[in-house]
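Visitor: Have a look at the structure that comes next, please.
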Amino acid sequence: MTVEEAVGQGLEAGVDFAGTAQQYASKGFQYVPVEKKLGFEEMARRVIEPAVRQAADRSLTISAVLLASVTNEASVHRQAVQRIVREMGLIRTMVVQLGEYGCSTVHLALHLAERFYASFVREGEAILFVTADKAGKPSERVNRYMVFGDGACSALYTPEPSLGGHATYGVEIRADGFVFDDSSQPSQQSRQYFSTSYLGVRHVVRTLLRRFSLDLGQICAVYCTNLGMEQWTGIAMAIGCTPDKIYRGTLPEFGHMHNVDVLHSVACSVQDGLLQPGDYYLTVSIGFGGYYGCALHQYVPLESGEAR
């Protein structure tokens with residue numbers, strides 16, 4: 001579906017979309033992924049089953065499933081994911097649906113995994129992160145400021161970097177907790193949020209780099225929530241890098257897919273050969289309402305041996 005079609009459907013449904021579809025497209029958005037055949041449960045199943053099989057092949061025990069679903073009703077979709085993992089033989093594995101952090105939940109999950117392994121380091125255990133969203137009506141696909149695509153993905157988090165893949169060294173999250181009113185006109189709170197959100201991103205990025213005594217010159221790429229070229233330019237200025245360091249390969253075709261954006265962009269970058277073994281990179285997420293996340297990673301494919 002094109003951006004123009006998605007915005008048009010939102011307007012017909014009564015969504016008070018800021019600006020025009022053409023103005024939104026000028027930020028680099030062209031298409032919106034729309035899943036027409038699969039329901040939420042089948043979308044989730046298609047990303048959960050391969051991850052569970054991969055864990056079994058590596059003799060890993062999945063201790064918990066962390067679920068992020070911004071669009072969909074919490075209890076129903078947690079039960080759907082719980083049903084899938086039970087069918088896969090994970091009878092005692094708890095499914096925890098994370099909330100509040102919106103499109104920054106991907107980093108909340110990383111933070112929780114980091115805390116879990118810091119407190120309960122048990123060899124051979126893994127945490128499965130699952131994120132899935134499917135709009136059921138136009139008002140779930142379009143709000144005042146953004147257009148959202150359907151998507152699902154999963155990631156296995158383990159404490160052993162020697163397993164290969166992507167080593168994560170640290171996570172920073174921040175919650176400013178802005179509150180918004182329900183009026184159709186932009187509120188003072190929303191104006192304040194848009195004018196100060198870059199400061200939240202700068203805080204988590206600088207805090208993380210300082211913790212590891214790194215600078216942006218040692219980072220090969222930054223993978224952000226797909227918010228558009230205008231927002232990325234502001235983020236680049238705030239953190240002190242050139243805009244071309246922010247990966248943009250998925251923006252035109254896939255747009256913004258809640259918590260799928262960051263992981264999907266990293267996977268596409270690997271597939272295209274843009275990430276090389278040993279490269280350090282940052283992932284950055286922004287959740288509407290004042291939630292920010294940043295993590296430091298290194299690409300360590302299996303054939304390259306252990307991370308540092």
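Following full-length UniProt numbering, the numbering of the sequence shown begins with 1 at its first residue and continues without gaps. Using N, Cα and C, we set each Cβ at its ideal position, and we do this for glycine too. Quantities reported herein were computed from a predicted structural model and do not represent experimental measurements.
#1: Does the Cβ of Leu-263 have 16 or more other Cβ atoms within 10 Å, making it buried, or fewer, making it exposed?
#2: Which word fits Gly-10, buried or exposed, when buried means at least 16 other C-beta atoms lie within 10 angstroms of its C-beta?
#3: What does Thr-131 pair with, by DSSP beta-bridge criteria?
#4: Could you spell out where the alpha helix (DSSP H) holding Val-85 opens and where it closes?
#5: Keeping to the same chain, check which residues put their C-beta closer than 8 Å to that of Gly-28; ignore five residues upstream and five downstream.
#6: For Ala-51 and Glu-100, I'd like the C-alpha separation in whole angstroms.
#7: Smallest Cα separation from Arg-211: which of Ala-113, Tyr-169, Leu-156 and Gly-14?
#8: Which partner residues of Cys-268 appear in the DSSP bridge assignment?
#9: Which residue's Cα is closest to the Cα of Asp-176: Ile-286, Cys-241, Met-146 and Gly-14?
#10: Just verifying my parser: in three-state terms, what is the DSSP assignment at Gly-249?
#11: My understanding is that Cys-224 touches Val-284, with C-beta atoms under 8 Å, so please give their C-beta distance in whole angstroms.
#12: State buried or exposed for Lys-134, treating a residue as buried only when at least 16 other CB atoms are found within 10 Å of its CB.
#13: Measuring CB atoms only, is the stretch 82-102 touching the stretch 57-70, in the sense that at least three cross pairs come out at less than 8 Å?
#14: Closer than 7 Å by C-beta to Tyr-198: which residues in its own chain qualify, once you throw out the five before and the five after it? Chain order, please.
#15: Go through its chain and collect everything with a Cβ distance to Ala-74's Cβ below 8 Å, but skip five positions before and after it.
#16: Would you kindly report the start and end of the unbroken beta strand (DSSP E) that includes Tyr-292?
#17: For His-258, which of Ala-221, Asn-143 and Cys-220 has the nearest alpha-carbon?
#18: My output table needs one value for Gly-8: the three-state DSSP class, helix, strand or coil.
#19: Let me know if Ser-304 comes out buried or exposed under the rule of 16 or more other beta-carbons within 10 Å of its beta-carbon.
#20: In the DSSP assignment, the beta strand (DSSP E) including Leu-98 goes from what residue to what residue?
#21: With C-beta atoms as the reference, is Gly-102 less than 7 Å away from Tyr-291?
#22: Please go through the same chain and pick out, in chain order, the residues whose beta-carbon is closer than 8 Å to the beta-carbon of His-166, but skip the five residues on each side of it.
#23: For Gln-231, count neighbouring Cβ atoms within 10 angstroms of its own Cβ and tell me buried if that reaches 16, exposed if not.
#24: Quick check on Thr-158: buried or exposed, where buried means 16 or more other Cβ atoms within 10 Å of its Cβ?
#25: Keeping to the same chain, check which residues put their C-beta closer than 6 Å to that of Cys-220; ignore five residues upstream and five downstream.
#26: Of the residues His-256, Glu-172 and Ala-44, which one's Cα is nearest the Cα of Glu-114?
#27: So His-107 is in the alpha helix (DSSP H); what residue range does that whole segment cover?
#28: Closest to Pro-243 by C-alpha separation, out of Arg-53, Val-222, Val-15 and Ser-69, would be which residue?
#29: Kindly indicate which residue of Gly-19, Val-47, Thr-2 and Arg-58 has the alpha-carbon position closest to the one of Val-34.
#30: Measure the alpha-carbon distance for Ala-21 versus Gly-8 and round it to whole angstroms.
#31: Considering just the uninterrupted stretch of the alpha helix (DSSP H) at Arg-141, what are its terminal residues?
#32: Using alpha carbons as the reference points, say which of Gly-273, Tyr-24 and Arg-174 lies closest to Cys-294.
#33: Using only CA atoms, which one of Ala-44, Gly-19, Ser-139 and Thr-207 lies nearest to residue 309?
Guide: Put simply:
#1: Within the sequence shown, residue 263 is the residue found at index 263, counting from 1. The residue in question, Leu-263, is buried, as its Cβ has 16 or more Cβ neighbours within 10 Å.
#2: The residue you call residue 10 lines up with position 10 of the sequence shown. Its Cβ being crowded by 16 or more others within 10 Å, Gly-10 is buried.
#3: As a working note, residue 131 is residue 131 in the sequence shown. Answer is Ala-68 and Cys-153, bridged to Thr-131.
#4: Reading the sequence shown from its first residue, position 85 is the one you call residue 85. Val-85 -> alpha helix (DSSP H) spans 74-87.
#5: Here residue 28 is taken as the residue at index 28 of the sequence shown, counted from 1. These residues qualify, in order along the chain: Gly-228, Met-229, Arg-248, Leu-251 and Pro-252.
#6: Residue mapping note: residue 51 aligns to position 51 of the sequence shown, counting from 1. Residue mapping note: residue 100 aligns to position 100 of the sequence shown, counting from 1. Each residue's alpha carbon lies about 25 Å from the other.
#7: Within the sequence shown, residue 211 is the residue found at index 211, counting from 1. Comparing Cα-Cα distances from Arg-211 to each of Ala-113, Tyr-169, Leu-156 and Gly-14, the minimum goes to Tyr-169.
#8: Locating residue 268 in the sequence shown gives position 268, counting from the first residue. DSSP output for Cys-268 lists no bridge partner at all.
#9: Translated into the one-based positions of the sequence shown, residue 176 becomes position 176. If we check each option's Cα against that of Asp-176, Ile-286 comes out closest.
#10: Numbered from 1 along the sequence shown, position 249 holds the residue referred to as residue 249. Correct three-state label for Gly-249: coil.
#11: The residue given as residue 224 occupies position 224 in the sequence shown. The residue given as residue 284 occupies position 284 in the sequence shown. At roughly 5 Å, the Cβ-Cβ gap stays under 8 Å, so Cys-224 and Val-284 are in contact.
#12: By one-based count along the sequence shown, residue 134 stands at place 134. By the 10 Å Cβ count, Lys-134 comes out buried.
#13: yes
#14: The count along the sequence shown starts at 1 and reaches residue 198 at position 198. Gly-234, Ile-235 and Ala-238, listed in sequence order.
#15: Residue numbering aside, residue 74 sits at position 74 when the sequence shown is read from its first letter. Around Ala-74: Gln-97 and Gly-99.
#16: Here residue 292 refers to the residue found at position 292 of the sequence shown. Looking at the DSSP string, the run of the beta strand (DSSP E) that includes Tyr-292 is 291-300.
#17: The sequence position of residue 258 within the sequence shown is 258, counting from 1. Answer by Cα proximity: Asn-143.
#18: Here residue 8 is taken as the residue at index 8 of the sequence shown, counted from 1. Note: Gly-8 maps to helix in three-state DSSP.
#19: Reading the sequence shown from its first residue, position 304 is the one you call residue 304. Interpretation of Ser-304 is limited by its pLDDT of 42, a score under 50 that renders its predicted location unreliable; the figure taken from the coordinates is listed afterwards. Per the 10 Å Cβ criterion, exposed.
#20: Taking the first residue of the sequence shown as position 1, residue 98 is located at position 98. It spans 94-98 - the beta strand (DSSP E) in which Leu-98 sits, taken as one unbroken run.
#21: In the sequence shown, residue 102 corresponds to position 102, counting from 1. In the sequence shown, residue 291 corresponds to position 291, counting from 1. Their beta carbons are under 7 Å apart, which means Gly-102 touches Tyr-291 by this criterion.
#22: Here the question's residue 166 lines up with position 166 in the sequence shown. The answer, listed in chain order, is Val-266, His-297, Gln-298, Tyr-299 and Val-300.
#23: Locating residue 231 in the sequence shown gives position 231, where the first residue counts as 1. Result: buried.
#24: Residue 158 sits at position 158 when you count from the first residue of the sequence shown. Buried, because 16 or more other Cβ atoms sit within 10 Å of the Cβ of Thr-158.
#25: Locating residue 220 in the sequence shown gives position 220, where the first residue counts as 1. Closer than 6 Å at the Cβ level, and outside the excluded window around Cys-220, lie Asp-279 and Tyr-281.
#26: Residue 114 sits at position 114 when you count from the first residue of the sequence shown. Among His-256, Glu-172 and Ala-44, the Cα nearest to that of Glu-114 belongs to Glu-172.
#27: Working through the sequence shown from its first residue, we reach residue 107 at position 107. That run of the alpha helix (DSSP H) goes 105-119.
#28: Here residue 243 is taken as the residue at index 243 of the sequence shown, counted from 1. Closest option to Pro-243, Cα to Cα, is Val-222.
#29: Position 34 of the sequence shown holds residue 34. Per the Cα distances, Thr-2.
#30: To locate residue 21, count along the sequence shown from 1; it is residue 21. To locate residue 8, count along the sequence shown from 1; it is residue 8. Each residue's alpha carbon lies about 8 Å from the other.
#31: For the purposes of this step, residue 141 is identified with residue 141 of the sequence shown, where counting begins at 1. Residues 138-141.
#32: Residue mapping note: residue 294 aligns to position 294 of the sequence shown, counting from 1. For Cys-294, the nearest C-alpha among the options comes from Arg-174.
#33: Outside the shown range of the chain, which is 1 to 308, sits residue 309, and nothing can be said about it.
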